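Encoded as structure tokens, the structure appears first; notes follow it.
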Amino acid sequence: CEYDFASPKLVNYSASNWGTGATTWEANCWRVVSQTITWLTTTGGQDGMPSLCAMAPNLFQGYKNAQEVKTRIMIPHKESEDLGFGGVLNQDGVGIYSDFDCPVNTAYMLNLAHLTICSLHSELFWMDGPDTDPRTGWSYLWGIGFFGNVKYRPKHMAKIYPYA
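The sequence shown begins at 188 in my numbering and counts up by one.
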């Protein structure tokens, strides 16, 4: 379809057509995540497979609860562990994790190969300090800043949310 060229996928996990006979996140989560991975990989071409799925804490716990029924062994995401991130689960090669900044009942599927961080400075972050804290006289204050933006290709991203 023409509208699919640059549009992100908006996936309704509370729909009744996931084949589970239910509209709850815990009932549908495995199929929703799996289907979203398939859609992004299929429509994104060779490098369209998402890298990570950031979930609100309530969705991540629901995802873990649903997996507990199926299996007692949760497969960790090897790439995330190698970078020092723990608690990241693996589904079809995509890292599934809880993110504090995700709104309740929301998940985002990201393809990191299609994200670019742009900075207005020659360095990614700039720093102020250390300066002595005038309140205590013995501690130091540091400031770190970033002037820039993130460019991404919406076609390679998805939002999972109970739209209905």
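Note that CB positions come from ideal geometry on N, CA and C, so glycine has one too.
Keep in mind the model is a prediction, meaning the values are calculated, not measured.
Beta-carbon proximity check, residue i vs residue j, cutoff 9 Å
i	j	result
Ala-345	Asp-288	no
Met-296	Leu-246	no
Val-337	Cys-305	yes
Pairwise C-alpha distance: residue j and residue i
i	j	result
Asp-269	Pro-263	11 Å
Leu-299	Ala-243	19 Å
Thr-228	Gly-235	4 Å
Pro-349	His-308	40 Å
Gly-273	Gln-248	15 Å
Arg-322	Gly-330	16 Å
Met-314	Gly-332	6 Å
Val-219	Asp-318	50 Å
Ile-347	Glu-310	34 Å
Cys-188	Leu-328	The pLDDT assigned to Cys-188 is 48, lower than 50, so where the model puts this residue is not dependable; a value taken from the coordinates is nonetheless given after this. Rounded to whole angstroms, Cys-188 to Leu-328 spans 54 Å at the Cα level.
Candidates the options: closest to residue i by CA position
i	options	result
Thr-207	Met-236, Gly-232 and Ala-253	Ala-253
Ser-326	Met-236, Gly-316 and Trp-217	Gly-316
Phe-312	Ser-267, Glu-255 and Gly-335	Gly-335
Ala-193	His-343, Ile-347, Tyr-350 and Pro-349	His-343
Val-256	Lys-196, Pro-321 and Cys-216	Cys-216
His-301	Pro-237, Lys-251, Trp-226 and Glu-310	Pro-237
C-beta neighbour in chain B for residue i, strict 9 Å
i	result
Ala-345	Reference to chain B is not applicable here, since this structure consists of a single protein chain.
- prompt: Which parts of the region 285 to 350 are runs of the alpha helix (DSSP H), unbroken and 4 residues or longer, counting only runs that do not cross its ends?
  reply: Taken in chain order, no unbroken stretch of alpha helix (DSSP H) lies wholly in the region 285 to 350 with a span of 4 residues or more.
- request: Identify every run of the alpha helix (DSSP H) within the region 232 to 257, keeping only runs that are complete inside it and at least 4 residues long; order them along the chain.
  value: Qualifying alpha helix (DSSP H) stretches, in chain order: 244 to 257.
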